[in-house]
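Student: When we follow the working numbering, the leftmost residue of the sequence shown carries the number 387, and every step to the right adds one.
Below is the structure I would like to discuss, written out as structure tokens.
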Amino acid sequence: MSLSKESILSFLLKGYVKTLRVEVEFQSNVEFPAIIAFWHGRMFLLPFVFKNYADRVSVLISRHRDGEIAARVIEKLGFSTVRGSTGKGKGGERAFLKMVELLNSGKSVAITPDGPKGPREVFKAGAAKLSILTGAPIYPVTFSTSKGKKLSSWDRFLIPYPFSKCKVIVGKPIYPEKNENTESFRKRLELALKNLTNRCDREMGWKT
Numbered sequence: 387m388s389l390s391k392e393s394i395l396s397f398l399l400k401g402y403v404k405t406l407r408v409e410v411e412f413q414s415n416v417e418f419p420a421i422i423a424f425w426h427g428r429m430f431l432l433p434f435v436f437k438n439y440a441d442r443v444s445v446l447i448s449r450h451r452d453g454e455i456a457a458r459v460i461e462k463l464g465f466s467t468v469r470g471s472t473g474k475g476k477g478g479e480r481a482f483l484k485m486v487e488l489l490n491s492g493k494s495v496a497i498t499p500d501g502p503k504g505p506r507e508v509f510k511a512g513a514a515k516l517s518i519l520t521g522a523p524i525y526p527v528t529f530s531t532s533k534g535k536k537l538s539s540w541d542r543f544l545i546p547y548p549f550s551k552c553k554v555i556v557g558k559p560i561y562p563e564k565n566e567n568t569e570s571f572r573k574r575l576e577l578a579l580k581n582l583t584n585r586c587d588r589e590m591g592w593k594t
């Protein structure tokens with residue numbers, strides 16, 4: 387019996403992650419439904435951190451070519467996926483409405499707010515609009531590592547070296563304030579996720 391590329395890749399990823407010493411810090415309990423937001427370059431460990439909630443979380447993945455393999459691997463890890471983005475085009479409107487439906491039904495969604503192609507660590511408005519519309523809080527999430535490689539890609543994707551120490555921080559939920567506009571909320575979310583990432587990097591020995 388032949389195995390698919392996605393099955394092999396997910397198997398290798400699971401084995402790779404088992405070599406890491408991972409500490410997870412929850413700043414509060416995660417209550418569902420929720421919007422889980424993490425930078426595109428810091429997504430490496432996130433499927434494994436939330437694996438116990440896989441049946442309750444759908445991951446937004448772009449319709450770009452590189453998103454196809456990512457979607458299949460994520461599904462092999464037990465998550466469902468929503469294809470598209472939170473912006474216009476590339477199935478954006480359809481994906482946005484699907485996420486509204488999921489959140490209103492009690493399920494959660496995971497989003498890279500600077501994806502799929504950047505700019506890096508700029509929190510786009512889609513996730514903020516989603517929270518305002520549904521009332522679901524946004525949990526900023528990040529990770530860093532004591533030893534790893536930041537790729538030269540637009541997102542500076544971080545890959546921890548085998549047997550390195552890693553830390554994941556799940557931040558406190560962030561809600562839109564009463565009558566707060568999308569841009570104000572978006573800026574707060576961006577600052578919160580940047581600060582969380584910088585703190586995590588400092589604790590792992592990276593200069594910020």
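Ideal placement from N, C-alpha and C gives every residue a C-beta, glycine not left out.
#1: Report the three-state DSSP secondary structure of R469 (helix, strand or coil).
#2: Flag this pair as yes or no: are the beta carbons of S444 and V416 separated by less than 7 Å?
#3: When you compare the region 544 to 557 with the region 481 to 501, are there three or more beta-carbon pairs, one atom per stretch, that lie closer than 8 Å?
#4: Note down the Cα distance separating D541 from V508, rounded to an integer number of angstroms.
#5: Excluding the five sequence neighbours on either side, which residues of its own chain have a C-beta within less than 8 Å of the C-beta of V486, listed in chain order?
#6: Exposed or buried, which one is D500 when buried takes at least 16 other CB atoms within 10 Å?
#7: Please report the Cβ distance between E589 and K553, rounded to the nearest whole angstrom; I am assuming they are in contact, meaning their Cβ atoms lie under 8 Å.
#8: Note down, in chain order, each residue of its chain lying with its Cβ closer than 6 Å to the Cβ of S466, except the 5 sequence neighbours on either side.
#9: For T583, collect the residues of the same chain with a Cβ closer than 7 Å to its Cβ; drop the 5 residues on either side in sequence, then sort them by chain order.
#10: Quick one, are the C-beta atoms of L579 and P523 less than 7 Å apart?
#11: A457 to K558, Cα distance in whole Å?
#12: Helix, strand or coil for E589? Go by DSSP, reduced to three states.
#13: Helix, strand or coil: how does DSSP classify R458 here?
#14: Roughly how many angstroms separate the alpha carbons of H450 and E479, rounded to a whole number?
#15: If you draw a straight line from the alpha carbon of K391 to that of I455, how long is it in whole angstroms?
#16: Helix or strand or just coil, what does DSSP make of Y547?
#17: From this set, D452, A420, L489, which residue's C-alpha is nearest K503's C-alpha?
#18: Can you give me the C-alpha to C-alpha distance between D587 and L537, rounded to a whole angstrom?
Tutor: Quick look at the numbers:
#1: Strand, per DSSP.
#2: Going by beta carbons, S444 and V416 fall outside the 7 Å limit.
#3: Contact annotation: the region 544 to 557 does not touch the region 481 to 501, with fewer than three C-beta pairs closer than 8 Å.
#4: About 10 Å.
#5: The beta carbon of V486 is closer than 8 Å to those of L516, L519, T520 in its chain, skipping five residues each way along the sequence.
#6: That one is buried.
#7: About 6 Å separates the two Cβ atoms, so the contact holds.
#8: The residues are S444.
#9: Cβ neighbours of T583 beyond the five flanking positions: W425, R428, T528.
#10: No, Cβ-Cβ distance for L579 and P523 is not below 7 Å.
#11: Between the alpha carbons of A457 and K558 lies a gap of roughly 27 Å.
#12: Correct three-state label for E589: helix.
#13: Correct three-state label for R458: helix.
#14: Approximately 16 Å between the Cα atoms of the pair.
#15: Distance between the alpha carbons of K391 and I455: 9 Å.
#16: Residue state, collapsed to three classes: coil.
#17: Distances from the alpha-carbon of K503 to those of D452, A420, L489 put D452 closest.
#18: Rounded to the nearest whole angstrom, the C-alpha separation of D587 and L537 is 16 Å.
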